[in-house]
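So that you can map any letter, position 194 of the sequence shown is 194 in full-length UniProt numbering, and since no number is skipped, the others follow by simple counting.
The beta carbon of each residue, even a glycine, is placed where N, CA and C say it ideally should be.
This structure is a prediction, so every number in the text was calculated from the model and none was measured.
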Amino acid sequence: SSNESHSHGSDIFHAIFDDLKSDKRFQKAQQIIFTGFSAGGLGLLLNLPNLLRNFPSTIDLRVIIDSGWFIDYPGSINGISKINEGMAYWNTQIPSSCHLKPQYRCFLGSEAIHFFPPHVRILIIQSLLDPTQLHLDDVNLRANDFSLQLRQSLRQANERVSIFAPACSTHGFLFRSLWSQFDIKQRTLASVLNVWLRRKKRTHLRLIDHQFDSSFCPQRENEDELY
């Protein structure tokens with residue numbers, strides 16, 4: 001919808017669901033799961049709240065944000081400047097429900113989750129040592145402090161949010177061939193995801209490696225270079 005090289009994922013996102021509304025199988029859905037990785041997670045945080053208000057509350061709506069929990073780190077403005085650059089490049093459409101100023105705050109997980117309807121269940125998968133966030137915020141010399149700030153942000157997340165936050169030098173989990181083996185205190189991501197998807201009661205799982213020493217982080221050689 002632009003003569004320049006801007007993306008309009010928001011238009012595509014809503015067009016898909018406008019099309020699905022006419023699908024009888026979709027109309028009978030009992031559970032719908034939305035998943036977004038990194039910038040895709042930001043896209044869900046921005047676009048889903050308004051969209052999900054049009055879904056019947058009888059549908060079990062679930063959202064998985066994989067490595068998209070960005071924070072406003074006070075020790076560096078570099079990360080925020082990158083978000084602002086992205087907003088200009090993407091010609092970002094800020095959702096009508098977000099009136100925060102400055103507008104980059106609409107991208108922050110701690111702010112964005114408040115705009116979701118209360119019946120929507122959310123799972124945050126986020127490394128405390130996310131190398132992409134450390135690079136964006138240019139805080140390699142203060143990586144420990146950044147990780148503490150990220151941990152605190154997750155701790156203070158809305159109580160209806162489930163969290164799996166290991167201390168791994170990893171950006172993105174679910175696309176990896178060894179995704180199921182990541183664990184915190186011997187509770188694997190696969191087992192956490194299985195329980196979270198099957199559990200009907202509105203209770204929430206919170207696994208955060210508070211001491212940065214209880215995580216198992218499987219690595220396959222060169223896998224990071226593939227994505």
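Buried or exposed by the 16-neighbour rule on C-beta atoms within 10 Å, applied to residue i
{"i": "N144", "result": "exposed"}
{"i": "H171", "result": "buried"}
{"i": "S1", "result": "In this prediction, S1 scores a pLDDT of 49, lower than 50, which makes its location untrustworthy; the coordinate-derived value is nonetheless stated afterwards. With fewer than 16 Cβ atoms within 10 Å of its Cβ, S1 is classed as exposed."}
{"i": "S96", "result": "exposed"}
{"i": "Q126", "result": "buried"}
{"i": "N158", "result": "exposed"}
Cross-strand partners of residue i (DSSP beta bridge)
{"i": "F216", "result": "D183"}
{"i": "I163", "result": "I124 and R206"}
{"i": "G36", "result": "I65"}
{"i": "D60", "result": "Q31"}
{"i": "T188", "result": "D183"}
Check: residue i C-beta below 7 Å from any heavy atom of the ligand HEM
{"i": "R151", "result": "Among the components of this structure there are no ligands whatsoever, and the ligand HEM is therefore not found."}
Proximity winner among the options, relative to residue i (alpha-carbon distances)
{"i": "N194", "options": "I64, A15, L44 and N47", "result": "I64"}
{"i": "I59", "options": "F13, Q27 and I71", "result": "Q27"}
{"i": "R220", "options": "R199, R202, L189 and S177", "result": "S177"}
{"i": "C98", "options": "S110, A88 and K24", "result": "S110"}
{"i": "W196", "options": "L48, G36 and L61", "result": "L61"}
{"i": "Q156", "options": "S81, R206, Q133 and D213", "result": "R206"}
Pairwise C-alpha distance: residue j and residue i
{"i": "D11", "j": "L20", "result": "14 Å"}
{"i": "L148", "j": "C217", "result": "19 Å"}
{"i": "Y227", "j": "I124", "result": "Because the pLDDT of Y227 is 45, which lies under 50, any placement of that residue in the model is unreliable, and the question is left without a value."}
{"i": "F107", "j": "T92", "result": "11 Å"}
{"i": "M87", "j": "P166", "result": "29 Å"}
Complete alpha helix (DSSP H) runs within the stretch 90 to 116 (minimum length 4 residues, chain order): Listed in chain order, the complete alpha helix (DSSP H) runs (minimum 4 residues) inside the stretch 90 to 116 are 109 to 112.
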